[in-house]
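When we follow the working numbering, the leftmost residue of the sequence shown carries the number 564, and every step to the right adds one.
For every residue, glycine included, the Cβ atom is placed at its ideal position computed from N, Cα and C.
Given the structure is predicted, the values throughout are model-derived calculations rather than measurements.
Accompanying notes for the structure given below.
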Amino acid sequence: MSGGPLSSFSKQGILLLSILHYGVGISLFNKAVGDSVELPSGLEREGIKSMEWKYKKMVIVEFDRNISLPRSQFKGRLEMNDSNFSLIIRELTLQDSGEFLVSAASNKEQIPTKTIHLQVHEPISKVEIQKEIKLLANQSCSVWLLCNVSVGSNLSYTWERGNETYRDDQQIHFSLSPADGDISVTCTASNSVSEKSASATPQTLYDKITFGRQPEDPSSSYQEVL
C-alpha cells in the first residue's frame, strides 16, 4: 500500500503552529470562501496619531483623526474598529488572499510595521472514491483507489484501511485475495477550513466481479465510483 504512516505530531498541531508562527513577525489566518475575518492590528487607540492598513502595498484604510476607506476591491465589505484598529472583511473570496500590512505612528515614535497573511480556501464540497480492480490469474486482484474531490483547494489526504493509516497520497494500491475479509477503506480529504470523508469496501466489489461479472480475460479490469 502506498503512502507513509502518520507521524505522532498531529495535523492540528501543525496548523496551530502555522497560525502562530507563519514567519518571523508574520501571522497567518486561514478562512473559507464566504467567511468574515477580523485582522488584529496589535494597537491601542490611546496615543496613536495616525495609522494605515495596506493590502499588497496598496492603502485600503487610513486613520488621521478620522477613518477613510480609499477605493479598493473590498468596497462594501470592509470596516475598521475605531477602538483598536482591527480590520474586518466580510464575504471573503479567493482573490482576497494575500499580505496585509499595518503601520502606525504614535505621539512619540513610529511603530514597527506588522505583517498579516490571509489565505482564503475553497471548502471541500464532496469526496468520492473511484475504484479500479484488476483480476489476476491466481484469482487475486490488484486494487487501485483514487480519492476524488469535486471542489477544494490546498488539499491533503489520509487513508485508513483496517488498523493502518496512511497520508499524503491521493491514490493507493494494494492486493486483495478471496481470503481477505470485508475491510472498509476510508479516504479523508482536508484543508485548513474543511474536512470530508468517503468509504468503500473493495472486497464487496471483488465478489461482484468474481461471482457475477467475471470477464473472460482474467487480466481485465472493472471500475466503479461510489
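A residue is called buried when at least 16 other Cβ atoms come within 10 angstroms of its Cβ; SER755 meets this threshold and is buried. Take GLU723, set aside five residues on each side of it, and the residues of its chain with a beta-carbon closer than 6 Å to its own are THR749, in chain order. VAL690 has VAL712 as its beta-bridge partners, per DSSP.
In the structure shown, the three-state DSSP call for GLN734 is strand. The region 696-714 and the region 621-641 do not touch, with fewer than 3 CB-CB distances between them shorter than 8 Å.
Pairing HIS684 with SER705 gives a Cβ-Cβ distance that is not under 9 Å. When only Cα atoms are considered, ILE611 and ALA668 end up about 6 Å apart. With a cutoff of 9 Å on beta-carbon distance, LEU655 and LYS594 are scored as near each other.
When the beta-carbon positions are compared, SER757 and ILE687 come within less than 9 Å of each other.
Around the beta carbon of GLU615, a 10 Å sphere encloses 16 or more other beta carbons of the protein chains shown; the residue is thus reported as buried. Scanning SER646, PRO675, ASN647 and PHE637 for the CA closest to the CA of GLY661 turns up PHE637. The residues GLU615 and PRO633, in chain order, have a CB closer than 6 Å to that of VAL622 in the same chain once the five nearest residues on each side in sequence are set aside. By the neighbour-count criterion, in which a residue is buried when 16 or more other Cβ atoms sit within 10 angstroms of its Cβ, ALA761 is buried. DSSP places ASP627 in the uninterrupted beta strand (DSSP E) bounded by 621-627.
About 10 Å separates the beta carbon of LEU602 from that of VAL624, a gap too long to meet the 8 Å contact definition.
Distance from the Cα of LEU664 is smallest, within the candidate group LEU657, ASN670, PHE648 and ARG653, for PHE648.
In this structure, the straight-line span from the alpha carbon of SER753 to that of ALA763 is close to 18 Å. Membership of GLU615 in the beta strand (DSSP E) is indicated by the continuous run 611-618.
In terms of Cα proximity to ASN711, the closest of MET643, LEU606, THR751 and LEU641 is THR751.
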